[in-house]
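These notes are about the structure you will find just below.
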Amino acid sequence: MEVTNSVRQISTISLLEEMEKKYKSIPIEAIVKQDILRQGIHFLKEVFEVTDPYKTKDYFIFSFDHIPLSELGDVKAPEEIKVSGGHFDLLPTVISTRNNPSSPYKVKKSSDGKPVLYLGETFLGNLEFPPLPAWYRHKTKNGKIPGEIAPVIEWGYLIYLTVFRNCQYFGKEEECAYCDINHNYRQQKNAGRPYTGVKDIEDILEVLSWIDSEDHTAKVYTITGGSVITSLKKKMKSIFI
């Protein structure tokens, strides 16, 4: 059997228009979103000069980036973007950030200082960055910042509780090819960034108390983490979680 290498299809406006015509039952917003997730986003440095505070990536479980953190340089990318208008007259669409300096999808700064999205030379839409929750200003009694313990995504709607930021199934260089949970933990620690591997229930409850008293956007939460096959803090998986 002849083996051929699969090549990542290049993203162009004509390709998106072709997909829109071919899959008429699928909203163009979904088509554009999946392609941006596939290719990632290149943020030009000028974009980070915006004055309004916004929520940057918390790297809550995986990196999702196309390059290692050590090669990324500036880590001011927003957790997600919200794009609207542009060539396809997009309805407001939230898209998670996957950093990729080689992506054809580029975020630039417009003449009025606002972030905008381009595919090649085509204007795809105006952008918003997610707001920074007021309770992100706090620190727990143990000195943890909220984004380390109970970060929010989906424009603040979802509280993402990754209680264990590693996976015990495999060791270094043995992880599943599609998963970078262990690699992400290592690269965050190697970069000297605060990155809690096993979260304390006291920290979680403290951050949740701030959300309860100050937040009106968060509505749901997810409890997740890497696989536990032995024990954590001398507790079996069922007890720890």
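Using our numbering, the first residue of the sequence shown is number 435, and each one after it goes up by one.
Ideal Cβ positions, reconstructed from N, Cα and C, are used throughout, including at glycine.
In the DSSP assignment, residue 641 falls outside any beta strand (DSSP E) and within the unbroken alpha helix (DSSP H) covering 635-648. Rounded to the nearest angstrom, the gap between the Cα atoms of residue 471 and residue 531 is 8 Å. Residues of the same chain with a CB within less than 7 Å of the CB of residue 488, apart from the 5 flanking positions on each side, are 512, 563, 564, 565 and 566 in chain order. Taking the C-beta atoms as reference points, residue 598 is found no nearer than 8 Å to residue 554. For the pair residue 462 and residue 524, the Cα-to-Cα distance works out to about 7 Å. Under the three-state reduction of DSSP output, residue 497 falls in the coil class, being neither helix nor strand. Take the alpha-carbon of residue 557 and the one of residue 500: they are about 23 Å apart.
Between the C-alpha atoms of residue 585 and residue 593 there is a straight-line separation of about 6 Å. In terms of Cα proximity to residue 510, the closest of 663, 520 and 480 is 480.
Boundaries around residue 463 are those of the alpha helix (DSSP H), 462-473, since no beta strand (DSSP E) includes it. Pairing residue 574 with residue 632 gives a Cβ-Cβ distance that is not under 8 Å. Counting every other CB atom within 10 Å of its CB across the protein chains shown gives residue 568 a total below 16, marking it as exposed. Here the alpha carbon of residue 550 sits roughly 6 Å from the alpha carbon of residue 541.
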